[in-house]
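K.L.:
Numbering of the sequence shown is given in the working numbering, commencing with residue 5 and proceeding in unit increments.
Beta carbons are placed, not taken as given, at the ideal position from N, Cα and C, and that holds for glycine.
In this text the structure is predicted, and so the values were computed from the model without any measurement.
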Amino acid sequence: MTSSPNPSGKILSRLHFMQNEMPKAMQRLAVYIINNPSAVIASNISRISQNAGVGEATVVRFAKSLGFPGFQEFKIELAIEVSGMKKQDSDIVESQIQDNDSPHVIGKKVSNAVMTGLGENIDFLNDDSAREVVNAIYKAKRVFIIGMGNSGLCAQYIKNKMARIGINAMCESNTHFMYTTASLMEEGDVAIAISQKGMSPETLKAFKVAKSCGATTVLISHMTGTAIAREADYVFFSGNHEGFMQSDSLGTIVAQLHICEILYIMLVQLNPDRAIKTKQLTLEALGFKV
């Protein structure tokens, strides 16, 4: 079950999130709107359908599929969003790092990218899905967290956080151990995969193995419509649309950790007494007085 985006979420972010799940004609329209929002605002349905290579009926259905009464209402909301982006210095928020950028401009682009990604996380967070996932984690005998590269670092981070509040969480960086651990999952266990683009074959294989063994599967990713998303019972959108030279950027890592931190805090809320007790035990083991 994909975690549905909040209806109040930003339109362009919603289109990035949903486009791979749309029919082909709507995908073409979504890509056109993402790349040409100002032109869409200034055009009628006939011109938009011609430029996007779709029928006029598709344009109307597209707007309604996003929850708008019609395309005119969609354009009005898009215009408000684009206007707000301009006011927020969207050239800094959206553009890639350039060769001639000063340290100040680089810093501003990086910080704005991070904040934009966190905002997208919140826009797309489904409260009901989050509660269901947290309840499943809390009740699970084992929680296996899967990730490669920088996503693997995020997986290790949340594994350590969960373990220190009494969750039997596991994470493997060796692919052989990853696959064998996944093969020992059972019904009632939870497998969490972290993969920004959803393209890691190692993560996909381990995730599929865990699902085949009966585990509840949870994905944290920027992309839906991928092979790994189709294996997930729950999908949490991780913000930060990366440029070519910004793969595995700070914004991506922070956005992934943000989702993990939300789930962690919700776990603490379920049983604060147990969380405090187990956290104290781990601190004492490290030599800290509590």
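(1) Look at the Cβ atom of I169, then the Cβ atom of T282, and state whether they are nearer than 8 angstroms.
(2) Using a threshold of 8 angstroms, state whether the C-beta atoms of L33 and A56 are closer than that.
(3) For G71, which of S87, K14 and A46 has the nearest alpha-carbon?
(4) Express the C-alpha separation of V58 and A29 in angstroms, rounding to a whole number.
(5) Along the chain, which unbroken stretches of the beta strand (DSSP E) at least 3 residues long are found entirely within the stretch 55–142?
(6) Would D95 be called buried (16 or more neighbouring beta carbons within 10 Å of its own) or exposed?
(7) On the three-state DSSP scale, how would you describe A186?
(8) In this structure, does DSSP put T220 in helix, strand or coil?
(9) I need the boundaries of the alpha helix (DSSP H) containing I198, first residue and last residue.
(10) Going straight from the alpha carbon of R18 to that of V239, what length do you get?
(11) Helix, strand or coil, according to DSSP, for M166 in the structure here?
(12) Leaving aside the five residues before and after K145 along the sequence, list all residues of the same chain whose C-beta is less than 8 angstroms from its C-beta, in chain order.
(13) Could you check which residue in M166, M203, S216 and I162 has the C-alpha nearest to that of D185?
(14) Candidates I45, R65, H108 and K212: which alpha carbon is nearest I80's?
(15) Classify M270 as helix, strand or coil using the three-state DSSP reduction.
(16) Could you check the C-alpha separation between E77 and N24 for me, to the nearest Å?
(17) Helix, strand or coil: which one does DSSP assign to F4?
(18) Terminal residues of the continuous alpha helix (DSSP H) containing F21?
(19) Return helix, strand or coil for A289, following the three-state DSSP convention.
(20) A144 lies in the alpha helix (DSSP H); which residues open and close that run?
(21) Find the nearest neighbour of S69 within the set Q31, L274, I84 and V272, judged by alpha-carbon distance.
(22) For I52, which of helix, strand or coil comes out of DSSP?
(23) Determine the DSSP secondary structure at M174, reduced to helix, strand or coil.
(24) Looking only at its own chain, which residues have a Cβ that is under 6 angstroms from the Cβ of V258, when we skip the five neighbours before and after it?
(25) Using the C-alpha atoms, what's the distance from S115 back to Q160?
(26) For F211 and I232, I'd like the C-alpha separation in whole angstroms.
P.N.:
Looking at the atomic coordinates:
(1) T282 sits close to I169, with the two beta carbons spaced by under 8 angstroms.
(2) Yes. Within cutoff.
(3) Among S87, K14 and A46, the Cα nearest to that of G71 belongs to K14.
(4) Each residue's Cα considered, the two are about 6 angstroms apart.
(5) Counting only unbroken stretches of 3 or more residues, no beta strand (DSSP E) element lies wholly within the stretch 55–142.
(6) Low local confidence applies: a pLDDT of 48 at D95 is under 50, so the model's placement there is unreliable, with the coordinate-based value given in what follows. D95 is exposed by the Cβ-count criterion.
(7) It is helical.
(8) Correct three-state label for T220: strand.
(9) Not the alpha helix (DSSP H): I198 falls in the beta strand (DSSP E), residues V194 to I198.
(10) Going by the C-alpha atoms only, they are around 14 angstroms apart.
(11) The answer is helix: DSSP assigns M166 an H, G or I state.
(12) The answer, listed in chain order, is N172, E190, G192 and D193.
(13) Strictly speaking, residue 185 in this sequence is Thr, with Asp absent from that position. Here the closest residue by C-alpha is S216.
(14) Of I45, R65, H108 and K212, the residue nearest in Cα terms is I45.
(15) Collapsing the DSSP output to three states places M270 in a helix.
(16) The straight-line gap from Cα to Cα measures roughly 23 angstroms.
(17) The chain is shown only over 5 to 294; residue 4 falls outside these bounds and no answer can be derived.
(18) Here the alpha helix (DSSP H) through F21 covers I15 to M22.
(19) Three-state result, A289: helix.
(20) A144 -> no alpha helix (DSSP H), and no H or E assigned at all.
(21) Nearest in C-alpha terms to S69, of all of Q31, L274, I84 and V272, is Q31.
(22) In this structure, I52 counts as helix in the three-state DSSP scheme.
(23) Of the three classes helix, strand and coil, the one that applies to M174 here is strand, per DSSP.
(24) Taken in chain order, the residues that qualify are V118.
(25) About 24 angstroms.
(26) Going from the Cα of F211 to the Cα of I232 covers about 8 angstroms.
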